[in-house]
Amino acid sequence: MLTVLGLAWLGAAADAGAYPIYVSNEKDNTVSVIDSDKLAVVATWKVGRRPRGITLSLDGKWLYVCASDDNRVDVVDTATGKVVRNLRSGPDPELFVLHPKGNPLYIANEDDNMVTVVDVETNKLLAEVPVGVEPEGMGISPDGTILVNTSETTNMAHFIDTTSYRIVANVLVDARPRIAEFSADGKRLWVSSEVGGTVSVIDPDARQIIKKIGFQIPGITKEAIQPVGVRLTKDGKRAFVALGPANRVAVIDTESMEVKKYLLVGQRVWQLGFTPDEKLLVSTNGVSNDVSIIDVETEKVLKSVKVGGYPWGVVVGPK
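All letters in the sequence shown, in the order written, are residues 1000 to 1318 by the numbering used here.
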């Protein structure tokens, strides 16, 4: 599916001066493309079944999408909006992360407790790494030497050497860890625990938890506060955490590790993505079928934009 407006976007993208925001819609089997200037959907692309994790090649030419129910990763040409090939993934790929150099791709396979490593150019399977039960979150150190996978049922962050493909350490965190995110300098690792209701800040060298951050929102039950998506600014000063059914994004001062404020967004906020200039932060709101656009400087929600059914993942491309 490619709308007429979407064709116009594709033809003018190089001159538009806007960032393309890509949102995977889990229920509709589509990707919505949002113009960061217009803050409106300009294209809808058809992909495989139950798309969740989503990321881009370093040059922005290829969009990688976890087609979880098809047990594959779709590769979409961002110039045409068409799926041009598929990558091997193992069963039920949910989240993945690219090596900082753009290859390989590290994929969490929820159904077989495995991390699959695939060469994105040759589609060659490089390794399968056994991890804990229900692997999901995938983070990689800025230098590309350490991969971190979180296992939802084992409640661990697994540290994997990207040369040997062996687990070199395990850190126990709170229940149902979902996301692993390194700071830009590589000195901190943030892991969200959905059921535990906390974010663990870990020293990745010592492999020890420095701080567990909890959340309290007036009028919201503890059970409804479920941390999932985590994003940190490049300067390392702020962290943003999506809090699921609490319908809030928490803003955290990373020095004090204290919550500064909560931003009201759509229903069941799931994942987060910055524009490359970090002026905007986008949240996917699964139940309200929209995304919220947040002004990063002022820490205010600017607008909600309707997308497809059950928006799950988000990534933003270059201009």
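Positions of the beta carbon are idealized from the N, C-alpha and C atoms, including for glycine.
Remember, predicted model here, so these are calculated numbers, not experimental data.
Grab the span of the beta strand (DSSP E) containing Ala1168 for me, first residue to last. Residue 1168 sits at position 169 when you count from the first residue of the sequence shown. Start and end: 1165–1171.
Rounded to whole angstroms, what is the Cα-Cα separation between Arg1187 and Gly1052? Numbered from 1 along the sequence shown, position 188 holds the residue referred to as residue 1187. Numbered from 1 along the sequence shown, position 53 holds the residue referred to as residue 1052. Those two C-alpha atoms are separated by around 23 Å.
Rounded to whole angstroms, how far is the Cβ of Ser1191 from the Cβ of Val1229, which I believe are closer than 8 Å? Here residue 1191 is taken as the residue at index 192 of the sequence shown, counted from 1. Here residue 1229 is taken as the residue at index 230 of the sequence shown, counted from 1. With a Cβ gap of about 5 Å, Ser1191 and Val1229 count as contacting.
N- and C-terminal bounds of the beta strand (DSSP E) containing Asp1294: The residue given as residue 1294 occupies position 295 in the sequence shown. Taken as a continuous stretch (DSSP letters only), the beta strand (DSSP E) holding Asp1294 covers 1289–1294.
Could you say if the region 1063–1080 and the region 1130–1148 meet the contact criterion of at least three C-beta pairs nearer than 8 Å? no
Which of helix, strand or coil DSSP assigns to Pro1310: The residue given as residue 1310 occupies position 311 in the sequence shown. Three-state result, Pro1310: strand.
Going by alpha carbons, who is nearest to Val1119 out of Pro1129, Val1096, Val1130? If you number the sequence shown from 1, residue 1119 lands on position 120. That would be Val1096, whose Cα lies nearest to the Cα of Val1119.
Looking only at its own chain, which residues have a Cβ that is under 6 Å from the Cβ of Lys1026, when we skip the five neighbours before and after it? The sequence position of residue 1026 within the sequence shown is 27, counting from 1. Same-chain partners within the cutoff: Gly1308, Tyr1309.
From the DSSP output, in three-state form, read off Glu1222 for me. To locate residue 1222, count along the sequence shown from 1; it is residue 223. Residue state, collapsed to three classes: helix.
What are the partner residues of Phe1095, as DSSP defines its beta bridges? For the purposes of this step, residue 1095 is identified with residue 96 of the sequence shown, where counting begins at 1. DSSP, once it has assigned bridges, lists Ile1106 as partnering Phe1095.
Expressed to the nearest angstrom, what Euclidean distance is found between the alpha-carbon atoms of Arg1048 and Val1030? In the sequence shown, the residue the question calls residue 1048 occupies position 49. In the sequence shown, the residue the question calls residue 1030 occupies position 31. Each residue's Cα considered, the two are about 11 Å apart.
Are there any heavy atoms of the ligand SAM lying less than 6 Å away from the beta-carbon of Val1096, as far as the coordinates show? Questions concerning the ligand SAM fall outside what the structure shown contains, since it holds no ligand whatsoever.
Output the distance between the C-alpha atoms of Trp1311 and Lys1233, rounded to the nearest integer angstrom. Position 312 of the sequence shown holds residue 1311. Position 234 of the sequence shown holds residue 1233. Straight-line Cα distance between these residues: approximately 23 Å.
From the DSSP secondary-structure annotation, give me the bridge partner or partners of Asn1063. One-based indexing of the sequence shown puts residue 1063 at position 64. Strictly speaking, residue 1063 in this sequence is Tyr, with Asn absent from that position. According to DSSP, Tyr1063 bridges with Thr1054, Val1074.
With three or more beta-carbon pairs closer than 8 Å as the criterion, would you say the region 1175–1183 touches the region 1205–1217? no
Considering only the alpha carbon of each residue, which of Pro1317, Gly1272, Lys1123, Ser1199 lies closest to Val1295? Translated into positions along the sequence shown, residue 1295 becomes position 296. With distances taken between Cα atoms, Val1295 lies closest to Gly1272.
Report, in whole angstroms, the separation of the C-beta atoms of Asn1154 and Pro1129, which I expect to be a contact under 8 Å. Your numbering for residue 1154 matches position 155 in the sequence shown. Your numbering for residue 1129 matches position 130 in the sequence shown. The Cβ separation is near 17 Å, so there is no contact.
By Cβ distance below 6 Å, which residues in the same chain neighbour Gly1195 in space, the five residues on each side in sequence not counted? As a working mapping, residue 1195 is identified with position 196 in the sequence shown. So the qualifying residues of the chain are Asp1173, Ala1174.
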